[in-house]
Amino acid sequence: MTTPVVRPFTPADTPRLTELLHDAYAELGRRGLNFTAVDQNDDTTLRRASSGNCFVLEQDGALLATITISMPPEPALAELTEHARTPNRAWLSQLAVAPAHQGTGIGTHLWAIGRRTAADLSATTIGVDTAEPATELIRLYQRWGFAQVDSIQWPGKTYRSVVMALTLA
1 MTTPVVRPFT PADTPRLTEL LHDAYAELGR RGLNFTAVDQ NDDTTLRRAS
51 SGNCFVLEQD GALLATITIS MPPEPALAEL TEHARTPNRA WLSQLAVAPA
101 HQGTGIGTHL WAIGRRTAAD LSATTIGVDT AEPATELIRL YQRWGFAQVD
151 SIQWPGKTYR SVVMALTLA
């Protein structure tokens with residue numbers, strides 16, 4: 001077994017990244033939360049990963065985790081909340097860890113890289129949104145220093161989303 005490596009996403013990663021996202025979000029999908037990552041196709045994966053700085057954690061040819069930091073956030077989000085229009089705000093999205101590796105610190109490791117990436121982009125704050133019923137994700141983001149600032153309804157979603165923000169030091 002080789003040491004895990006964090007590297008930038010490449011388009012060739014798309015099918016494996018789609019599979020990782022499906023696996024990582026499957027439990028949320030079983031709970032009735034229709035996150036995009038539950039069943040997105042490769043075109044959606046490529047578009048979302050290419051919309052910012054996407055990183056993957058790979059070990060022995062398998063993608064174990066991913067994170068995307070975008071600045072500015074996607075335009076559709078900016079239409080839903082003023083917090084996505086805040087100057088110098090980066091956005092955290094598509095955070096996923098393979099189920100067998102959840103709770104091992106991989107997500108926190110990627111978060112540190114994402115936070116540095118946002119700072120390198122001259123972000124002063126980072127935003128994230130997630131489903132209100134996904135309380136475990138909300139608690140994770142709170143542990144990372146995020147605070148709730150808004151609530152939104154994405155079109156076609158079965159849940160409302162909380163919008164959270166973090167000020168970078």
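Per full-length UniProt numbering, the sequence shown runs over residues 1 to 169.
From the three backbone atoms N, C-alpha and C, an ideal C-beta is built for every residue, glycine too.
1. Assuming residue 66 and residue 96 form a contact by the criterion Cβ under 8 Å, report the distance between their Cβ atoms to the nearest whole angstrom.
2. Could you check whether residue 34 and residue 158 sit closer than 8 Å to each other, using their CB atoms as the reference points?
3. What residue does the beta strand (DSSP E) around residue 59 start on, and which one ends it?
4. What residue range is occupied by the uninterrupted alpha helix (DSSP H) comprising residue 24?
5. Are residue 121 and residue 90 touching if we call contact CB-CB under 8 Å?
6. Would you mind giving the Cβ-Cβ distance between residue 124 and residue 168, rounded to the nearest angstrom? I have them listed as a contact below 8 Å.
7. Which partner residues of residue 69 appear in the DSSP bridge assignment?
8. For residue 174, which residues from the same chain have a beta carbon less than 6 Å from its beta carbon, with the 5 sequence-adjacent residues on both sides left out?
9. Do residue 92 and residue 69 have their beta-carbon atoms positioned less than 8 Å apart in this structure?
10. Could you say which of 133, 153, 39 lies nearest to residue 94 if we only look at CA atoms?
11. Residue 130 bridges to which residues according to DSSP?
12. Quick check on this structure: which residue in 128, 59, 161, 162 has the alpha carbon closest to the alpha carbon of residue 16?
13. Report yes if the CB atom of residue 183 is closer than 8 Å to the CB atom of residue 163, and no otherwise.
14. Where does residue 13 land, buried or exposed, given buried means 16+ other C-beta within 10 angstroms?
15. Give every residue of the same chain whose Cβ lies closer than 6 Å to the Cβ of residue 137, excluding the five residues on either side of it in the sequence, and list them in chain order.
16. Measuring alpha carbon to alpha carbon, tell me which residue in 134, 3, 48, 100 is nearest residue 75.
Quick answer:
1. 5 Å
2. yes
3. 53–59
4. 14–30
5. yes
6. 6 Å
7. 53, 92
8. Absent from the structure is residue 174, since the part of the chain shown begins at 1 and ends at 169.
9. yes
10. 39
11. 162
12. 59
13. Given that the chain is displayed from residue 1 to residue 169, the structure contains no residue 183 and the question cannot be resolved.
14. buried
15. 130
16. 48
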